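In the numbering used here, the protein residues as written are 671 to 1350.
Cβ atoms here follow ideal geometry from the backbone N, Cα and C, with glycine treated the same way.
Just so it is clear, the structure is predicted and the values come from calculations on it, not from any experiment.
Each remark here refers to the structure printed beneath this line.
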């Protein structure tokens, strides 16, 4: 799609004007994700109207601001505060959930050129179901919801009672609880409004499926990570075995954070998954999930190897206690990039090591060390995309309440954009660093040309391994720090001193990280232009030489053209003469007297031959009858009891010999006549 769609058209649409003041009511300060982008349709939840708003982006790109948005109203609206929405992989269902409940809605059909729901009606009704309404009244709460990794009709719900519930939502009678999977001890007693297990960090706070598999990784508050296989089977609905906690290498005293809050997994395919664990202090740990090399039977099959730790520099209100379990939300974007939402805004973390990990896995033994060094040298890059919290103007001033973003969504590749919905209904679009853009374009090239031979692919790979000038420019312009977009409440404008500090900090960053790199890029471009100008002069000389050769070739071409025309003329003459000869041969001519006489004789011979042929047929019929009579006589003779005398036998034999000789004579005469008349 056009870049102006996300930069201009979508943020200025009427849907966000109607949402203004609708998202600011978040007294608990919980992190929310109220937007979703699926199949070129933008969804946003309206808390006041308690319905889902949707906008067709394809129609918006074609028509512009005239594109209306639709309201999808549930026949069973949620009775809880919606905190997150997520669409199924097929796009036919959408799940809205909060800490007090989960609701599944089946989206109406889309048809027509515009692709609107329910033929474009302003208000469309959706069939919806509520899962386990007991959450509305019980002390427990919903911690996390995920679609089943290998099924479109099953949903996994993590509760605060250390259980994961599996629901089948594709039944005609409504959702059905398939099984409850215990993942730890069940909390019982409470202390100061929280269970003792919550205080000790022994309850699960998040879980995530690993890429390209049906394995679940479960995170507890104390940082322990558990693994569970979640396979669906026709005979047994689910086979689940909880293993863990997984060993983490190298070991740490605090188990890499005592207040973990979120987990996600990236990668997959030919590479092992990379697990990201986030803590409440905005500390991120990147771990590789690899098989455990120990041979002990009591050890787990997998272990986590911590590669690096990333600490985010965010502005948080340290005076208010965290009353919820999700101070940091991890949002996978691409195979090597994920976003981190927090009370201070949004960060984007890119992991270039995953690209080098593929090279390390595919490398030969001789290239292993170089691939390993390049993988270890590729550090992660964190960019502060949006800042929604500001420091107080003075130490004595009361800090402003946190205003975290209201949602995140990712646009379609090849150049993905992260859409950030702020609490004041402002939509910001930030472009992710295109580290994998070249790889995506290469894959698209292979998909669009499936007939490429292996040699052609190898040639493309060799050309791809060359260092391009764009790669050099990208390395020069890569920044160590980022300048986020500041989004704060208009009612709480910063003081002049704070504005001066913001301006000074931004100026220093622009001078140190932007202008200096721009100058280096300008110098590199100047040197490149000088080299290209020198090469251009050489190309001019080569062009003159080629022009001379082209003139000579044109002269030779003119001579050959004249010869070709002369040859074509001779060919036309020969064709005309051949045609005259053929016409002369085909012309009819009168027959002579000799020819007519010969024709009469031939006709006479033909009639004689036909008569002789009839006679021959008659003779053959006569011979056949005689043969049958002879056979009949032989049979009757054998049946007679009285034997003939010798004289009778001799007489009969002589008669038969005479007839045989006569028949032979007739046959020879017939053959002679055939030979004379040439009858076959």
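Could you pull the start and end residues of the alpha helix (DSSP H) that residue 1196 belongs to?
As a first step, residue 1196 is located in the chain shown; it is residue number 526 there, counting from the start. Unbroken alpha helix (DSSP H) run through residue 1196: 1186 to 1256.
What are the boundary residues of the beta strand (DSSP E) that residue 776 is part of?
What you label residue 776 is simply residue 106 of the chain shown in a count that begins at 1. Looking at the DSSP string, the run of the beta strand (DSSP E) that includes residue 776 is 771 to 776.
Nearest to residue 914 by CA position, among 970, 1282, 1025 and 1321, is which residue?
For the purposes of this step, residue 914 is taken as residue 244 along the chain shown, with counting starting at 1. Looking at the Cα atoms, 970 is the closest of the given residues.
Please say whether residue 879 and residue 819 have beta carbons closer to each other than 8 Å?
Walking along the chain shown from the start, residue 819 turns up at place 149. Walking along the chain shown from the start, residue 879 turns up at place 209. Yes.
Which residue wins for smallest C-alpha separation from residue 1058, given the options 1345, 756 and 1012?
Indexing the chain shown from 1 puts residue 1058 at position 388. Among 1345, 756 and 1012, the Cα nearest to that of residue 1058 belongs to 1012.
CB-CB under 6 Å to residue 799, same chain, minus the five flanking residues each way: which ones, in chain order?
Taking the chain shown and counting its residues from 1, one reaches residue 799 at position 129. So the list reads 774, 844 and 845, once near-sequence residues are dropped.
Grab the span of the beta strand (DSSP E) containing residue 1087 for me, first residue to last.
One-based indexing of the chain shown puts residue 1087 at position 417. It spans 1087 to 1091 - the beta strand (DSSP E) in which residue 1087 sits, taken as one unbroken run.
Residue range of the unbroken alpha helix (DSSP H) whose run includes residue 1317
In the chain shown, counting from the first residue as 1, residue 1317 sits at position 647. Looking at the DSSP string, the run of the alpha helix (DSSP H) that includes residue 1317 is 1316 to 1347.
Under three-state DSSP, which class holds residue 689?
Residue numbering aside, residue 689 sits at position 19 when the chain shown is read from its first letter. Residue 689: helix per DSSP, three-state reduction.
Between the Cα of residue 1284 and the Cα atoms of 1229, 1340, 1235 and 1239, which residue gives the shortest distance?
Along the chain shown, read from residue 1 onward, the residue named residue 1284 stands at position 614. Cα-wise, what sits closest to residue 1284 is 1340.
Once you ignore the five residues that flank residue 1155 on each side, which residues in its own chain have a CB closer than 8 Å to its CB?
Within the chain shown, residue 1155 is the residue found at index 485, counting from 1. Excluding sequence neighbours, residue 1155 sits near 1055, 1056, 1057, 1098 and 1100.
Assign residue 922 to one of three DSSP states: helix, strand, or coil.
Mapped onto the chain shown, residue 922 falls at position 252. Here residue 922 sits in coil by DSSP.
Please state the DSSP three-state secondary structure of residue 700.
Taking the first residue of the chain shown as position 1, residue 700 is located at position 30. Three-state DSSP puts residue 700 in coil, outside helix and strand.
When you compare only the Cα positions, how much space is there between residue 1189 and residue 1207?
Here residue 1189 is taken as the residue at index 519 of the chain shown, counted from 1. Here residue 1207 is taken as the residue at index 537 of the chain shown, counted from 1. Between residue 1189 and residue 1207, the C-alpha separation is close to 27 Å.
Going by the beta-carbon positions, is the gap between residue 679 and residue 734 smaller than 8 Å?
One-based indexing of the chain shown puts residue 679 at position 9. One-based indexing of the chain shown puts residue 734 at position 64. Going by C-beta atoms, residue 679 is nearer than 8 Å to residue 734.
For a test of the three-state rule: what should DSSP assign to residue 902, helix, strand or coil?
Locating residue 902 in the chain shown gives position 232, counting from the first residue. In the structure shown, residue 902 sits in a strand (DSSP, three-state: E or B).
Would you report the Cα separation of residue 885 and residue 875, rounded to the nearest angstrom?
The residue given as residue 885 occupies position 215 in the chain shown. The residue given as residue 875 occupies position 205 in the chain shown. Rounded to whole angstroms, residue 885 and residue 875 show a C-alpha spacing of 17 Å.
Can you say whether residue 1081 is buried or exposed, counting buried as having 16 or more other CB atoms within 10 angstroms of its CB?
Residue mapping note: residue 1081 aligns to position 411 of the chain shown, counting from 1. Buried is the call here.
Please classify residue 861: does DSSP put it in a helix, a strand, or coil?
In the chain shown, counting from the first residue as 1, residue 861 sits at position 191. The predicted model places residue 861 with a pLDDT of 47, which falls under 50 and marks its position as unreliable; any figure quoted below should be read in that light. Here residue 861 sits in strand by DSSP.
Length of the line joining the Cα atoms of residue 713 and residue 1025
Here residue 713 corresponds to residue number 43 of the chain shown, with the count starting at 1. Here residue 1025 corresponds to residue number 355 of the chain shown, with the count starting at 1. C-alpha separation (whole angstroms): 32 Å.
Reduced DSSP secondary structure (H/G/I, E/B, other) of residue 1135
Counting from one through the chain shown, the residue named residue 1135 turns up at place 465. Because the pLDDT at residue 1135 is just 48, under 50, the model does not fix this residue reliably, and the value given afterwards should be weighed accordingly. If DSSP states are grouped into helix, strand and coil, residue 1135 belongs with coil.
Secondary structure at residue 931, three-state DSSP: helix, strand or coil?
Position 261 of the chain shown, counted from the first residue, corresponds to residue 931. DSSP places residue 931 in strand when its eight states are reduced to three.
Pull up the DSSP beta-bridge partners for residue 1057, would you.
Walking along the chain shown from the start, residue 1057 turns up at place 387. DSSP lists 1015 and 1156 as partners of residue 1057.
Along the chain, where does the alpha helix (DSSP H) containing residue 1291 start, and where does it finish?
As a position in the chain shown, residue 1291 is number 621, starting the count at 1. It spans 1263 to 1309 - the alpha helix (DSSP H) in which residue 1291 sits, taken as one unbroken run.
Give the DSSP bridge partners of residue 1079, in chain order.
Here residue 1079 refers to the residue found at position 409 when the chain shown is read from its first residue. Beta-bridge pairing links residue 1079 to 1089.
Going by beta carbon distance, what residues of the same chain come within less than 7 Å of residue 1033, once the five residues before and after it are set aside?
Working through the chain shown from its first residue, we reach residue 1033 at position 363. Counting only Cβ-Cβ distances below 7 Å, and skipping sequence neighbours, we find 1041.
Are the beta-carbon atoms belonging to residue 703 and residue 754 less than 8 Å from one another?
Here residue 703 is taken as the residue at index 33 of the chain shown, counted from 1. Here residue 754 is taken as the residue at index 84 of the chain shown, counted from 1. Against a cut-off of 8 Å, the Cβ pair of residue 754 and residue 703 comes out as a contact.
Check whether residue 836 and residue 851 have beta carbons under 8 Å apart
In the chain shown, residue 836 corresponds to position 166, counting from 1. In the chain shown, residue 851 corresponds to position 181, counting from 1. Between residue 836 and residue 851, the C-beta spacing is below 8 Å.
Put residue 803 into one of helix, strand or coil per three-state DSSP.
The count along the chain shown starts at 1 and reaches residue 803 at position 133. Three-state DSSP puts residue 803 in a helix.
Looking at the secondary structure, which residues open and close the alpha helix (DSSP H) in which residue 733 lies?
Along the chain shown, read from residue 1 onward, the residue named residue 733 stands at position 63. Segment 727 to 733, the alpha helix (DSSP H) holding residue 733.
In the DSSP assignment, what residue or residues form a beta bridge with residue 757?
Position 87 of the chain shown, counted from the first residue, corresponds to residue 757. DSSP output for residue 757 lists 764 as bridge partner(s).
DSSP on residue 824, reduced to helix/strand/coil?
As a first step, residue 824 must be located in the chain shown, where it is residue number 154. Reduced to three states, the DSSP call for residue 824 is strand.
Helix, strand or coil for residue 674 per DSSP?
Against the chain shown, residue 674 aligns to sequence position 4. If DSSP states are grouped into helix, strand and coil, residue 674 belongs with the helices.
Range of the contiguous alpha helix (DSSP H) that encloses residue 743
The residue you call residue 743 lines up with position 73 of the chain shown. Not the alpha helix (DSSP H): residue 743 falls in the beta strand (DSSP E), residues 740 to 744.
What is the residue span of the beta strand (DSSP E) that residue 847 lies within?
Within the chain shown, the letter at position 177 stands for residue 847. Unbroken beta strand (DSSP E) run through residue 847: 846 to 852.
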